[in-house]
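Here the structure comes first, spelled out in structure tokens, and everything after it is commentary.
Numbering (full-length UniProt numbering), first residue to last: 1 to 231.
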């Protein structure tokens, strides 16, 4: 039996618990991260109209990107919940850490692909349908290379057991393996920020002429009214 007084539940979380499923996801601290992903993707996965359902066709590039992002984030969170404390079994611990590194890196790759999609759609007005196979190879393949490099470095330095931390099944900070993940994430986020700045600049450039045109129309309308108003 769960003792409620031992669980720190905020008022906001209590209001969110409208069903037994949501109580498990939102009110239990261990599932809070997974609940955030599910609630964030709920509107996308459950369209409210036929038009939305058509837009969410898995054959569409953006749908493939979002589905892949959801899968990689969800898998990473589930593996974290199940295997983060499996330090007693070295093989299971290394496997959990490697899978977490893989899926989290894949998630950041898909975030970059979504940024590229936005850039091509807004700035270049280009359809990436023909390029999706390349993005799948990049997003699912590059993390495999990074995990392989991490495992190789750990094996050469102090043995495969040095791949994980002593306290948790995650990349070790003792032999600096954690910096491979940090550098990878920082690089992806920097690219996404640059893409966002470029897209915002392009949108601003497109909006300004429309605003100026509307302003000129208002001036002309005002002058017309003043010149033709009855005395």
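Yeah, the Cβ is synthetic: ideal placement off N, Cα and C, and Gly gets one too.
Item	Value
Under 8 Å Cβ to Cβ from residue 184, same chain only, skipping five residues before and after it: list those, please.	105, 108 and 146
Which whole-angstrom value describes the C-beta separation of residue 123 and residue 198, a residue pair presumed to lie in contact below a C-beta threshold of 8 Å?	6 Å
Have a look at residue 62 and residue 117 and give me their C-alpha separation to the nearest angstrom.	8 Å
Just checking my contact of residue 111 with residue 192 at CB under 8 Å: how many whole Å lie between their CB atoms?	6 Å
Grab the span of the alpha helix (DSSP H) containing residue 66 for me, first residue to last.	61 to 83
With residue 77 and residue 171 assumed to form a contact (beta carbons below 8 Å), what rounded beta-carbon distance in angstroms separates them?	Not confirmed; about 17 Å, so no contact.
Distance, Cα to Cα, residue 91 vs residue 66?	32 Å
Taking Cβ positions, are residue 169 and residue 97 nearer each other than 8 Å?	yes
What does the alpha-carbon distance come out to for the pair residue 203 and residue 179?	36 Å
Taking the CB atoms as reference points, tell me whether residue 173 and residue 163 lie closer together than 8 Å.	no
Just verifying my parser: in three-state terms, what is the DSSP assignment at residue 164?	strand
Per DSSP, which residues does residue 171 bridge with? Please list them.	164
In this structure, how does DSSP classify residue 88 when only helix, strand and coil are distinguished?	coil
Determine the extent of the alpha helix (DSSP H) in which residue 157 is found, giving its start and end residues.	132 to 157
With DSSP as the reference, label residue 206 as helix, strand or coil.	helix
Measure the C-alpha to C-alpha separation of residue 200 and residue 79 and round it to an integer number of angstroms.	36 Å
In this structure, does DSSP put residue 30 in helix, strand or coil?	Bear in mind that the predicted position of residue 30 carries a pLDDT of just 42, short of 50, making it unreliable; the figure below should be weighed with that in mind. In the structure shown, residue 30 sits in a helix (DSSP, three-state: H, G or I).
Distance, Cα to Cα, residue 89 vs residue 155?	18 Å
By Cβ distance below 7 Å, which residues in the same chain neighbour residue 135 in space, the five residues on each side in sequence not counted?	113
Would you kindly work out how many angstroms separate the C-alpha atoms of residue 94 and residue 205, rounded to a whole number?	50 Å
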